[in-house]
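Participant: Read in order, the letters of the sequence shown are residues 14 to 256 in my numbering.
What follows is a single structure, and I will ask about it in a moment.
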Amino acid sequence: MRKRLYEIIAHSDGSDKLSSLYDYVMIVIIVISLIPLAFKETNPVFDIIDKASAAIFIVDYLARLITADFKLKKGFSSFIIYPFTPMAIIDLVSILPTFLPVSSGLRLLKVFRLLRSFRVFRAFKMFRYSHSVEVIINVIRSQSTPLIAVGSMAAAYVLISALVIFNVEPDTFDTFFDAIYWATVSLTTMGYGDIYPVSTAGRIVTMLSSFMGIAIVALPSGIITAGFMDEIKKDKDDNSPLD
């Protein structure tokens with residue numbers, strides 16, 4: 014019975030109709046549970062949606078916990094390890110805010126209001142139900158080494174640019190964080206214009222930073238595109254009928 018339960022709640026490959034139905038239903042419930050977050054005000058309908066969806070998520074969490082040995086394949090220790098896995102933590106974080114006691118009249122409890130916004134983590138629960146998201150995760154995992162290299166290069170360039178501009182124009186940038194913010198915006202070529210250099214030297218640094226930003230931002234796009242093509246080809250080969 015536990016094995017069949019695991020087969021239902023595990024991500025379906027399309028062969029198990031009941032498991033596929035479970036995936037679709039959970040995706041719909043997740044989307045509905047996010048609707049109250051799009052409104053500032055609350056009403057009884059939103060409260061019902063929140064509590065009902067949280068109850069369903071609790072049942073799903075418990076079902077995954079009691080079948081953790083089938084997923085992790087580590088015997089009894091699976092039940093201890095599972096609550097600390099990334100998706101289990103996301104499940105728990107998305108459930109707990111519903112049951113946090115929050116009083117609107119106490120300013121000291123504003124931190125709990127912030128915690129309630131963690132309900133947005135329910136969106137990440139869709140990762141386990143969508144094949145498209147699974148493809149994206151596989152691409153990122155397979156291309157992790159070049160992506161980390163590009164990310165490290167971008168972070169180093171942001172820090173170097175921030176240090177240069179912070180010393181070139183100390184009057185424009187009050188704090189080093191302002192310089193990092195400017196460097197990040199320049200690197201991504203967004204150019205919000207809320208913080209910008211006014212000296213000739215500062216503008217030259219900005220132009221160089223923008224040109225470098227175009228090159229650095231383009232690198233992960235090419236890496237991810239190549240990874241997508243490989244993953245799509247692999248997916249087609251796996252699903253193609255045998256000759």
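The beta carbon of each residue, even a glycine, is placed where N, CA and C say it ideally should be.
Below 8 Å on the Cβ atoms is my contact criterion, and I expect Ala-76 with Ser-91 to pass it. Report the Cβ-Cβ distance as a whole number of Å.
Facilitator: In fact, because the Cβ distance is near 14 Å, the residues do not count as touching under 8 Å.
Participant: Taking just the CA atoms, how far does Gly-164 sit from Thr-238?
Facilitator: Distance between the alpha carbons of Thr-238 and Gly-164 is about 16 Å.
Participant: On the premise that Ile-208 lies in contact with Phe-186, defined as a C-beta separation below 8 Å, what is that separation, rounded to the nearest angstrom?
Facilitator: Yes, they are in contact, since the Cβ atoms of Phe-186 and Ile-208 sit about 7 Å apart, within 8 Å.
Participant: Determine the extent of the alpha helix (DSSP H) in which Lys-16 is found, giving its start and end residues.
Facilitator: Where Lys-16 is concerned, the enclosing alpha helix (DSSP H) stretches over 15-22.
Participant: Below 8 Å CB to CB, which residues in the same chain sit around Val-177 once its five sequence neighbours on both sides are set aside?
Facilitator: If we look at Val-177 and ignore the five residues flanking it on each side, its Cβ neighbours are Val-218.
Participant: Our contact map puts Ile-103 next to Lys-138 with C-beta atoms below 8 Å; I'd like the distance itself, whole angstroms only.
Facilitator: Between Lys-138 and Ile-103 the Cβ distance is about 6 Å, and since that is below 8 Å, they are a contact.
Participant: Measure from the alpha carbon of Arg-135 to the alpha carbon of each residue in Ala-167, Leu-160, Val-41, Val-58, then state which is nearest.
Facilitator: Comparing Cα-Cα distances from Arg-135 to each of Ala-167, Leu-160, Val-41, Val-58, the minimum goes to Val-41.
Participant: Count the other CB atoms, across all protein chains shown, that sit within 10 Å of the CB of Gly-235; report buried if there are 16 or more and exposed otherwise.
Facilitator: Exposed, because fewer than 16 other Cβ atoms sit within 10 Å of the Cβ of Gly-235.
Participant: Between Thr-197 and Val-171, which are expected to be in contact by the criterion C-beta below 8 Å, what is the C-beta distance as a whole number of angstroms?
Facilitator: Indeed they touch by this definition, with Cβ atoms about 6 Å apart.
Participant: I'd like to know whether the C-beta atoms of Ile-48 and Ile-62 end up nearer to each other than 8 Å.
Facilitator: Contact: yes.
Participant: Roughly how many whole angstroms lie between the Cα atoms of Lys-247 and Ser-155?
Facilitator: Taking the straight line joining both Cα atoms gives about 12 Å.
Participant: Rounded to whole angstroms, what's the CA-CA distance from Phe-224 to Pro-233? Just pull it up for me.
Facilitator: Distance between the alpha carbons of Phe-224 and Pro-233: 16 Å.
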